[in-house]
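The structure under discussion appears below in the form of C-alpha cells.
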Amino acid sequence: MAATQRRVRLVKKAGLFIGLLIGAVFAGFPVVWMASSSFKSNTEIFASPPKLITDNFSWDAYTSILTDPTKVRFFINSYVVSLSVTVLTLLIAILAAYAFSRFEFRFKKPLNMIIVSVQGVPPITLLIPYFGLMVTLGLYNTYLGLILTYMVFTLPYAIIMMTGYFNTLPKELDEAARVDGASAMGALWRILVPISIPGIVSVGIYTFMISWNEFLFALTLTRTQDMRTVPIGIQLLMGQNSYEWNQMMAMSILGCIPVLLLFLFFQRFFIGGMTAGAVKN
Amino acid sequence: MRTTRTPGAERTTAAKSLTGRLTPYGFISPTAALLFILMFVPIAMVMGYSVMDNVITNKHPEFVGLDNYVKVLTNGVLPTAVLNTAIFTIVSVIAHLVLGLLFAMMLNTKLLSNLTTGLFRVIYVLPWLFTVAIIAILWRLLLNPNGVINYVLVGLGITPTGIEWLSTPGTALLAVTFINIWAGYPFYMVSLLAGLQGIPTDLYEAAKVDGASALQQFWHMTLPQLKPIIISMSLLDVIWTSQQFALIWMTTGGGPINATEMLSTFTYKLAFSNYEFSQASASAVLLLVVSTVLAYVYARYQKARE
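Just so you know, the protein sequences line up as chains F and B, in that order. The working numbering applies: residue 1 is where the first sequence begins, and numbers increase by one. The working numbering applies: residue 1001 is where the second sequence begins, and numbers increase by one.
Here's what the structure looks like:
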C-alpha cells in the first residue's frame, strides 16, 4: 500500500518535472539563443546545422559595441533618462500619495478618479500633439522632453501604489509627530518615508523598467543619434549596412542587464509590488 | 479691534488653519501641473486637430467638422486593422491567462524542492525582463527562414523548406501573436502565483477529506479564489494589448499587405508616413473613446470589489 503510494508520488513528481522542463524550453530557449548568438561571428549566425556553442567563441560583438562611442551613448542616454524619471516620479508621487492618504480636501475624489483613469489613455493618442507641444516648449530632442513624457505614464501608477502603501501604515505614527510640533513635510520625510522603503523600492523598480523599455515616444521625440535610447539604438543597428545580428544580440544582452539585476536582487519587492498595483489598486 | 487686544494670537491660528487647508493642494500641485500640461492640454489639442483641415502641414487650418472622422471610418484599411487588433488581443489575452495559470500552478507545487521551483521561476520570468525592442529583434532572428526554428521544423519534416513567418501574409498575424504571448504571460504567472500562495492550505485539506478530485478542487476552489485577480489582469491586458505598437512596428511594420495592421500602427502611419495629421488625430480620438470605455469597466470592477 505504502509502496504504491510512493510510486504514484514518484510518477507525479516525474510528470511535473517534465512539464516544467518543457515550459522552461519555451520560456528560456529564445534567451539562451540570444546569448549564444552574441558570441558568434556574423557569418555563423545562420550556419546550418545551427550550433548552440560556436567553435569560434568570441567577445568581438561586445567589444565593438563598447568601443563605439555612438552605441555607448545609447546606454548613457537610457541610464540618464530612466534614473531621472525614477527619482522625480518617486519624489512627486510620495508628495501626492501623502495628500491622498492623510488629508481631506475638496476635489479629492475627482482628482483620484482622474489619476486612475489616465492610465487607460492610449500612448498613440498623445503622440501626435506631443510632437507639436515638445517643439513649442523647446523640449524636442532633449533629455527633459523624454523625462517629462515618461513621468506622465509612471506617475499615476506610482501615486496609486504609494497611496495604497501609506494607507496600510497607522495614522497615529505621523500624527504623533505632528502633535510634537513637526511640520507636515517633516512627518512625511522623517516618519513615513523611512518605514515605506519596501513600497518605494518596488515603485522605483517599476518606474525604471517603464522608462528603460519605452519605445514609441523615444522614437518620435528624439532625432539625433546622441539623444537615442537603447531600444531605438537596437532598431538603428537593424537598418544600418546589413544586419549585424551578433552585435544586435550583444546589445540586447547588455540592454537587459540592469532589469535582470534589479529582478534578481529585489525579487520579493518586484513580485509583491507588481501584483499589489495591478490587482488591488 | 479685537486683534489689538490679543495681539497676533487669532491671526496665527487663522494663518495656520489656512496653510493647513492649503497643505494638501501644495502636495498635489506638481502632479496636477504635470498632468494638466502633458495630459489634458494634449488631449484637447488632439481633439482640436481632429476637426480641423490638415494641421501641422497647413499653416492656416480650417474647421471642417467631422470630415476627418468620416474619412477615417471609410478608410479601406480600417476594418482590417480592427479585425487584426481584435484577433491579436483576444488570442493573446486568453493564451496569457492559460499559460500564466498553468505555469503558476506547476511552480506552486510542494512535490519539488524550493530550490528547483525557484530556479524554474527565474527561467519562466525571463521573457518579462526584455524590452519589446529586444523581443522583436530576437524573434526576427529565431523566425528567420534560415533560423533555428525553421531548421528544427524542416528537420522534423513539418515543412519542406524554411517559412518566412513574419513576411508571409498567411502566417504573419499568427507569428506576431505568438511572440506577444511569449512576451506577456509572465505578468499573469507572477500575479497568479502570488494569488495561489494566498489560498489557505486547509481549504484543500478539507476538500481532500471530502474526496474531491484534483479537477474538482481546481474548478470549485482554485478558480473561484483566483477570479478577482484573473478578471483584473485580463481587463488590464485587453487595454495594453489592444494598444500594442512597438512589437508590431519592429517585426512586421503592419505588413505584409496590411496582414498585421493594428489600430495603433494604422494611426501612426496616417500621421508619420502619410502626414495626414488631422485624420490621424480623428483616429487617435476614436481609440481614446474605446480605451476610456474599457478603463471605465476596469475602474467599476475594482470599485465593486472594495
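The beta carbon of each residue, even a glycine, is placed where N, CA and C say it ideally should be.
Taking DSSP's pairing of strands, which residues face residue i in a bridge?
i                  : result
Phe1063 of chain B : B:Met1052
To the nearest angstrom, how far is it from the Cα of residue i to the Cα of residue j?
i                  : j                  : result
Lys280 of chain F  : Leu262 of chain F  : With a pLDDT of 37 at Lys280 of chain F, under the threshold of 50, the modelled position of that residue is not reliable, and the figure given next carries that caveat. Going by the C-alpha atoms only, they are around 23 Å apart.
Pro198 of chain F  : Leu90 of chain F   : 13 Å
Leu173 of chain F  : Val1293 of chain B : 40 Å
Leu1286 of chain B : Leu1038 of chain B : 19 Å
Gln1297 of chain B : Pro50 of chain F   : Checking the sequence shown, residue 1297 of chain B turns out to be Val, not Gln. The alpha-carbon atoms of Val1297 of chain B and Pro50 of chain F are separated by roughly 49 Å.
Leu146 of chain F  : Ala35 of chain F   : 30 Å
Ala61 of chain F   : Arg73 of chain F   : 17 Å
Val1132 of chain B : Gly1020 of chain B : 46 Å
Val1051 of chain B : Phe1063 of chain B : 6 Å
Lys1110 of chain B : Met113 of chain F  : 42 Å
Pro1035 of chain B : Val152 of chain F  : The residue you asked about is not Pro; residue 1035 of chain B is Leu in the sequence shown. The alpha-carbon atoms of Leu1035 of chain B and Val152 of chain F are separated by roughly 7 Å.
Asp193 of chain F  : Ala97 of chain F   : Checking the sequence shown, residue 193 of chain F turns out to be Val, not Asp. Distance between the alpha carbons of Val193 of chain F and Ala97 of chain F: 11 Å.
Gly277 of chain F  : Ala2 of chain F    : With a pLDDT of 43 at Gly277 of chain F, under the threshold of 50, the predicted position of this residue should be treated as unreliable, and no value is reported.
Leu1112 of chain B : Trp1219 of chain B : 23 Å
Ile1239 of chain B : Ile1094 of chain B : 14 Å
Tyr1124 of chain B : Ala27 of chain F   : 6 Å
Tyr140 of chain F  : Tyr243 of chain F  : 29 Å
Gly1008 of chain B : Ser1029 of chain B : Low per-residue confidence applies at Gly1008 of chain B: pLDDT is 45, beneath 50, and the placement is therefore not dependable, though the value from the model is reported in the following sentence. For Gly1008 of chain B and Ser1029 of chain B, the distance between alpha carbons rounds to 30 Å.
Tyr1151 of chain B : Thr1171 of chain B : 17 Å
Asp1210 of chain B : Gln1217 of chain B : 11 Å
Met1045 of chain B : Pro129 of chain F  : 6 Å
Report the residue from the options whose alpha carbon sits nearest the alpha carbon of residue i.
i                  : options                                       : result
Thr1085 of chain B : B:Ala1206, B:Val1297 and B:Thr1177            : B:Thr1177
Phe39 of chain F   : F:Trp59, F:Leu21, F:Pro30 and F:Ala27         : F:Trp59
Leu961 of chain B  : B:Thr1117, B:Ser1113 and B:Leu1174            : In the structure as shown, chain B starts at 1001 and stops at 1306, and residue 961 of chain B therefore has no counterpart that could be examined.
Gln247 of chain F  : B:Met1045, B:Leu1141, B:Val1125 and B:Pro1024 : B:Leu1141
Ile200 of chain F  : F:Pro30, F:Leu88 and F:Asn56                  : F:Leu88
Gly1255 of chain B : B:Gly1162, B:Asn1058, B:Pro1169 and B:Ile1229 : B:Pro1169
Asp1067 of chain B : B:Val1290, B:Glu1276 and B:Val1148            : B:Glu1276
Ala93 of chain F   : F:Glu44, F:Asp68 and F:Ala158                 : F:Ala158
Ala177 of chain F  : F:Asn56, F:Ser84, F:Trp189 and F:Val116       : F:Trp189
Ile253 of chain F  : B:Leu1102, B:Tyr1185 and B:Ile1135            : B:Ile1135
Asp1053 of chain B : B:Ala1295, B:Ala1280, B:Val1290 and B:Ala1299 : B:Ala1280
Val1072 of chain B : B:Leu1235, B:Ser1191 and B:Ser1278            : B:Ser1278
Ala1271 of chain B : B:Thr1074, B:Val1055 and B:Pro1024            : B:Val1055
Asn1180 of chain B : B:Val1154, B:Val1290 and B:Thr1241            : B:Thr1241
Ala1206 of chain B : B:Gly1195, B:Met1221, B:Ala1032 and B:Ala1194 : B:Met1221
Phe1027 of chain B : F:Pro122, F:Asn213, F:Glu175 and F:Leu111     : F:Leu111
Going along chain B, which residues have a C-beta under 9 Å from residue i?
i                 : result
Pro49 of chain F  : Tyr1151 and Gly1155
Phe263 of chain F : Val1122, Val1125, Trp1128 and Leu1129
Leu148 of chain F : Leu1034, Ile1037 and Leu1038
Can you pull the chain F residues whose beta carbon is under 7 Å from the beta carbon of residue i, in chain order?
i                  : result
Ile1134 of chain B : Ile234, Ser252, Gly255 and Cys256
Asn1144 of chain B : Phe46
Met1250 of chain B : Gln235
Gly1063 of chain B : Before going further, note that residue 1063 of chain B is Phe rather than Gly in the sequence given. Per Cβ cutoff of 7 Å: no residues; Phe1063 of chain B is ~18 Å from chain F at best.
Val1082 of chain B : What Val1082 of chain B touches in chain F: nothing, since even the nearest Cβ is about 15 Å away.
Ser1281 of chain B : Ile128
Leu1066 of chain B : In chain order: nothing, as chain F lies at least about 18 Å away.
Residue i: buried (16+ other C-beta within 10 angstroms of its C-beta) or exposed?
i                  : result
Asn1274 of chain B : exposed
Lys1269 of chain B : buried
Met185 of chain F  : exposed
Thr207 of chain F  : buried
Thr1006 of chain B : Note on Thr1006 of chain B: pLDDT 44, under 50, position unreliable in the model; the coordinate value appears next. Exposed: under 16 other Cβ atoms inside 10 Å.
Lys13 of chain F   : exposed
Tyr1301 of chain B : exposed
His1096 of chain B : buried
Gly23 of chain F   : buried
Pro1042 of chain B : buried
Ser1213 of chain B : exposed
Arg1011 of chain B : The pLDDT assigned to Arg1011 of chain B is 48, lower than 50, so where the model puts this residue is not dependable, and the model offers no usable value.
Asp55 of chain F   : exposed
Gln5 of chain F    : exposed
Gln235 of chain F  : buried
Pro156 of chain F  : buried
Ser183 of chain F  : exposed
What residues of chain F sit near residue i, judged by a beta carbon separation below 8 Å?
i                  : result
Ala1175 of chain B : Going along chain F, no residue has its Cβ under 8 Å from Ala1175 of chain B, so there is no contact; the nearest lies around 13 Å.
For a contact meaning CB atoms closer than 8 Å, what does residue i contact in chain B?
i                 : result
Trp245 of chain F : Leu1141
Ile159 of chain F : Thr1031
Please list, in chain order, the chain F residues whose beta carbon lies closer than 9 Å to that of residue i.
i                  : result
Tyr1204 of chain B : Those within 9 Å of Tyr1204 of chain B in chain F number zero; the least Cβ separation is about 15 Å.
Ile1111 of chain B : Correcting the residue type first, residue 1111 of chain B is Leu in the shown sequence and not Ile. Those are Arg9, Lys12, Lys13, Leu16 and Phe17, listed as they occur along chain F.
Ser1291 of chain B : Gly120, Val121, Pro122 and Thr125
Mind pulling the chain B residues with CB within less than 7 Å of residue i?
i                 : result
Met34 of chain F  : Leu1138
Asn213 of chain F : Thr1131 and Val1132
Met151 of chain F : Leu1034
Ser101 of chain F : Chain B residues near Ser101 of chain F: none, gap ~10 Å exceeds 7 Å.
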